[in-house]
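These notes are about the structure you will find just below.
Protein chains: 2
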Amino acid sequence: MSSVEVTPRTQVKRLPKRAVYDREQINRILDQGVVCHVAFVVDGQPFAIPTGYARGEDTLYIHGSAASRVMRLGSDGIDVCVTVTLIDGFVLARSAFHHSMNYRSVMVLGKARLVTDTDEKRHALHLFTNHIVPGRWEETRQPTEQELKATSVLALAIEEASAKVRTGGPIDDEEDYALPVWAGVVPLKAVYGNPVDDGRVLDGVTPFEVNRLSRRGD
Amino acid sequence: MSSVEVTPRTQVKRLPKRAVYDREQINRILDQGVVCHVAFVVDGQPFAIPTGYARGEDTLYIHGSAASRVMRLGSDGIDVCVTVTLIDGFVLARSAFHHSMNYRSVMVLGKARLVTDTDEKRHALHLFTNHIVPGRWEETRQPTEQELKATSVLALAIEEASAKVRTGGPIDDEEDYALPVWAGVVPLKAVYGNPVDDGRVLDGVTPFEVNRLSRRGD
Numbered sequence: 316m317s318s319v320e321v322t323p324r325t326q327v328k329r330l331p332k333r334a335v336y337d338r339e340q341i342n343r344i345l346d347q348g349v350v351c352h353v354a355f356v357v358d359g360q361p362f363a364i365p366t367g368y369a370r371g372e373d374t375l376y377i378h379g380s381a382a383s384r385v386m387r388l389g390s391d392g393i394d395v396c397v398t399v400t401l402i403d404g405f406v407l408a409r410s411a412f413h414h415s416m417n418y419r420s421v422m423v424l425g426k427a428r429l430v431t432d433t434d435e436k437r438h439a440l441h442l443f444t445n446h447i448v449p450g451r452w453e454e455t456r457q458p459t460e461q462e463l464k465a466t467s468v469l470a471l472a473i474e475e476a477s478a479k480v481r482t483g484g485p486i487d488d489e490e491d492y493a494l495p496v497w498a499g500v501v502p503l504k505a506v507y508g509n510p511v512d513d514g515r516v517l518d519g520v521t522p523f524e525v526n527r528l529s530r531r532g533d
Numbered sequence: 316m317s318s319v320e321v322t323p324r325t326q327v328k329r330l331p332k333r334a335v336y337d338r339e340q341i342n343r344i345l346d347q348g349v350v351c352h353v354a355f356v357v358d359g360q361p362f363a364i365p366t367g368y369a370r371g372e373d374t375l376y377i378h379g380s381a382a383s384r385v386m387r388l389g390s391d392g393i394d395v396c397v398t399v400t401l402i403d404g405f406v407l408a409r410s411a412f413h414h415s416m417n418y419r420s421v422m423v424l425g426k427a428r429l430v431t432d433t434d435e436k437r438h439a440l441h442l443f444t445n446h447i448v449p450g451r452w453e454e455t456r457q458p459t460e461q462e463l464k465a466t467s468v469l470a471l472a473i474e475e476a477s478a479k480v481r482t483g484g485p486i487d488d489e490e491d492y493a494l495p496v497w498a499g500v501v502p503l504k505a506v507y508g509n510p511v512d513d514g515r516v517l518d519g520v521t522p523f524e525v526n527r528l529s530r531r532g533d
């Protein structure tokens, strides 16, 4: 279990009891998430763009987004903040003020670089594909050189990173426990529906087994 | 049905066919989301922070976050980008390259202001609470003056806003339809589990009905 550097920028100031710097937990959250939000700045204006991503050991690969357009303008790196957030439940208290959410989120700060090496790009696409569906890369047609060229990938070292986690029930003011109000947690979970084929799947092809997705983030 | 101003900053450059500027659709996505990611800049470093929010007519209220700390340093407004993203499904193609996701997302740009008026703050808390659970505000203890003081709220006009939406199945290259690979969509849905009370709910209090949450975003 390794831990990551805590810098003044990643030190969680608001509600520090919810901060977690442990690297294993950071990896677990990153591996379970589906999309990240990438924040970057253009002419003083911040943007937060949702996009696909995947973790490869100590590197976060981010699927082409507006940020890669910006980077093509000549800079050899761009300051980003990549955030992944999982919502686990609504926390309902007896007072409006103490309502909250259970969640796990990770923030990674640093300078993202544009991936130009073809092998590293292929590696990133491999990770993207299997991040969503374990084993999917191995059963699909691999990218051509043209497709690799057409894909933008950013890479960000997972060095300056922090997690925030809230779990458990509501914490009410002592006198409010006398109120006749229901309080507790409503769990929230992402659930997969029945796969819908696109109408052009060849006869004899095994239907997609949705429980493969239970291995996501393992 | 009104539409919002399309500025060079909100004009979606990548995959413009997925861009939607219609205001009704923007509102629907904002009302269905649970958390937003707020992007802002401190000393040149962008941040993307997940936090609660709610829409009140043409204003987005954002629950206290690091951004409000920054604003207390004296500025009378801060440039933000608030993004709300809903993931609707995994789009599995026959080639790795054409994998995608179905999603709906909204980006709102502008200058956020710190809400200081007590009545507006109470209004925002009302909206936050009922954004998560319709009707919850009316059944819980209302905030005291102290609690209102302890809550930071940012307000952002929903003027410069855009939505991006992808729906439907994978689009494969024509020759790839001959491959014996399953292709289609795996729907993804946020589902509520059974409410878990906190062990201190008074006898006779009606248990929380989880199907109240099906009215979220209506």
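Chains as they are written, first to last, in our numbering: chain A, 316 to 533; chain B, 316 to 533. A virtual CB, placed ideally from N, CA and C, is assigned to each residue, including glycine.
In the DSSP annotation of this structure, A:L440 is not part of any beta strand (DSSP E); the continuous alpha helix (DSSP H) holding it starts and ends at T433 to I447. For B:I364, the enclosing beta strand (DSSP E) covers residues Q360 to G371. In the DSSP annotation of this structure, A:D337 is not part of any beta strand (DSSP E), being labelled neither H nor E. For A:L494, there is no enclosing beta strand (DSSP E), since its DSSP letter is neither H nor E.
Non-local C-beta neighbours of B:V385 in its own chain, meaning closer than 8 angstroms and more than five positions away in sequence, comprise F355, V357 and I393, ordered along the chain. In chain order, D346 and P449 place their CB closer than 8 angstroms to the CB of A:D533, counting only its own chain and leaving out the 5 sequence neighbours on each side.
Remark: three or more beta-carbon pairs, one from each stretch, lie closer than 8 angstroms, so the region 419-429 of chain A and the region 396-407 of chain A are flagged as touching. For B:E524, there is no enclosing alpha helix (DSSP H), as DSSP gives it neither H nor E. Between A:T374 and A:I473, the CB-CB gap stays under 8 angstroms.
Between A:P495 and B:V430, the beta carbon gap of about 31 angstroms keeps them out of contact (Cβ cut-off 8 angstroms). The beta carbon of A:Q347 sits no closer than 8 angstroms to any beta carbon of chain B. Under the 8 angstroms Cβ criterion, the region 436-443 of chain B counts as touching the region 461-469 of chain B, having at least three qualifying pairs. Contact check for A:Y376 against A:C351 fails: the beta carbons are separated by 8 angstroms or more.
The beta carbon of B:R428 lies closer than 6 angstroms to those of G392 and A470 in the same chain, with the five residues before and after it left out. Counting only the Cα atoms, B:S467 lies some 7 angstroms from B:S380. With a threshold of 8 angstroms between beta carbons, A:P449 makes no contact with chain B. A distance below 6 angstroms between beta-carbons, with the five flanking residues on each side excluded, links B:D491 to the following residues of its chain, in chain order: R409 and S410.
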